[in-house]
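Here's the structure we're looking at; comments come further down.
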Ligand SMILES: NC(=O)c1ccc[n+]([C@@H]2O[C@H](COP(=O)([O-])OP(=O)(O)OC[C@H]3O[C@@H](n4cnc5c(N)ncnc54)[C@H](OP(=O)(O)O)[C@@H]3O)[C@@H](O)[C@H]2O)c1
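Residue numbers (this note's numbering): 881 to 1274.
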């Protein structure tokens, strides 16, 4: 199957190359800053009083977001797992007007996440932005191999804990500091993905027959869940369900804090598997500078509401026939050859189409998320289970 997808990627990349040689939407850190200007201080460093926590500031979208906020004068508290990478970024941004402060935590280790949050709270009583960005995809073997899954995740699935559960804990711990922000509407941005459409949510509830009381997707030893895209899709739907649950709670308490999910679309970063796939994605997908557009909109635009899903493209919204795929979870058993997950491969195929199509439809769009993401029972089940886990580490 991977050969099939490699060929598909190359074909789509070639089409993209011919169809759209020069992308007109490239911007620099300064032009995007005009979006921020006016929300805090009307001077050259409008974010000089803003404190933003960013997970995964060492690469891709997190690095670009950090640089953009630092260019506008913000203090960025970067949470990363690798001290050398954090030091490299600190060097790289040393001349920018803002202040970059690093906190070490491997997000697959909930104790480490809790300690990093404590360190932040000891120094900063109020926080303005929380960008839950760090993430992995099992399609990148380098990322999964360099971590001792069993010892770090204490039985939770690595992708689930890194992408979702760590950010749940971080959000719970930092929310009181966000409430103390001087901004009119401090914000939490969850870097989710359109890939959440792949998950039907069944593995995220707590009544799955194979895993009563605990989401099957959370289990570290569930072979089927190791299927790379399903794991990622579940973690990204979990993030967006979390957004919806927290938004509901914030609205009920008339909190001024907003929480929003975003998708940066296809962006050429190190999350793509190493090798030809990564080179192709880095050549033809959006650059990180383009990829953070929806993230910045989610941070700054007043019309963005809690619980929204904001994307850099809305191709998926207009995709004909998607209703059929998102409501089915078809598997074909090929006997000795294994089980083919039709939904997963269809979504992978659509993702390839998206890599080309997104170039013709760049912007920022508040859009519908998958039908499952609106399932309030599922939102609640996952929230309550996650809160139970989180409490052990708070
Ligand atoms: N790129 C895309 O096309 C795309 C599309 C949709 C959504 N996203 C989402 O965007 C987010 C950022 O991804 P990216 O594309 O910027 O990928 P990336 O370049 O690989 O960056 C991922 C960041 O997460 C950090 N990270 C990974 N595992 C960690 C752990 N256990 N503890 C602490 N930090 C960890 C990485 O740190 P190291 O430097 O130490 O590895 C890195 O800073 C992810 O949540 C991803 O799901 C990306």
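Glycine included, each C-beta is placed from N, C-alpha and C at the ideal position. This one's a predicted model, so the numbers in the text were calculated from it and none came from an experiment.
- Around the CB of residue 937, 16 or more other CB atoms lie within 10 Å, so the residue is classed as buried.
- Closest by C-alpha distance to residue 1250, out of 1183, 1156, 1124, is 1124.
- Under DSSP, no beta-bridge partner is assigned to residue 1043.
- Its Cα nearest to that of residue 1058, the residue 1137 stands out among 1137, 1148, 1120, 927.
- Cα atoms of residue 1083 and residue 1003: separation of roughly 38 Å, rounded to the nearest angstrom.
- For residue 941, the shortest separation between its Cβ and any heavy atom of ligand 1 lies below 7 Å.
- Using a Cβ-Cβ distance cut-off of 8 Å, the region 954 to 966 and the region 1166 to 1182 are not in contact, since fewer than three pairs of beta carbons, one from each stretch, lie closer than that value.
- Going by DSSP, residue 979 is part of the beta strand (DSSP E) stretching over 979 to 984.
- Judged by pairs of C-beta atoms under 8 Å, the region 1109 to 1120 touches the region 1068 to 1079, as three or more such pairs exist.
- For residue 958, the enclosing beta strand (DSSP E) covers residues 955 to 960.
- Ligand 1 has a heavy atom closer than 7 Å to the beta-carbon of residue 1151.
- Approximately 4 Å separates the beta-carbon atoms of residue 1194 and residue 1245; this is inside 8 Å, confirming the contact.
- For the beta strand (DSSP E) assignment, the uninterrupted runs of no fewer than 3 residues enclosed by the region 928 to 955 are, from N- to C-terminal side, 931 to 935.
- The C-alpha of residue 1216 is placed about 33 Å away from the C-alpha of residue 1043.
- Residue range 990 to 1003 is occupied by the alpha helix (DSSP H) that includes residue 1000.
- Per DSSP, the continuous alpha helix (DSSP H) segment holding residue 1264 begins and ends at 1256 to 1273.
- Cβ atoms of residue 932 and residue 1011 come within 8 Å of each other, at about 6 Å.
- If you draw a straight line from the Cα of residue 1065 to the Cα of residue 1135, it is about 9 Å long.
- In the DSSP assignment, residue 1247 falls within the beta strand (DSSP E) that extends over 1245 to 1247.
- Taking 8 Å as the cut-off, the Cβ atoms of residue 1149 and residue 940 count as close.
- For residue 1001, the CB contacts under 8 Å within the same chain, skipping 5 residues up- and downstream, are 1053, 1054, 1057 in chain order.
- Using a 10 angstroms sphere on the CB of residue 1172, the tally of other CB atoms reaches 16 or more, which defines it as buried.
- For residue 1255, the closest alpha carbon among the candidates 1121, 1159, 1187, 1266 is that of 1121.
- In this structure residue 1252 is buried. Its beta-carbon is surrounded by 16 or more other beta-carbon atoms within 10 angstroms.
- In this model, residue 1268 and residue 1093 are separated by some 11 Å (Cα to Cα).
- Under the 10 Å beta carbon count, residue 971 is surrounded by fewer than 16 other beta carbons and is classified as exposed.
- Judged by DSSP secondary structure, residue 1170 falls within the alpha helix (DSSP H) whose first and last residues are 1168 to 1171.
- Look at residue 1063 here: in three-state DSSP terms it is coil, with no helix or strand label.
- Shown here, residue 963 sits in a helix according to DSSP, grouped into three states.
- Between residue 1008 and residue 930 a beta carbon distance of about 5 Å is seen, short of the 8 Å cut, so the two are scored as contacting.
- Measuring C-alpha to C-alpha distances from residue 946 to each of 989, 976, 963, 926 identifies 976 as the nearest.
- Around the beta carbon of residue 967, a 10 Å sphere encloses fewer than 16 other beta carbons of the protein chains shown; the residue is thus reported as exposed.
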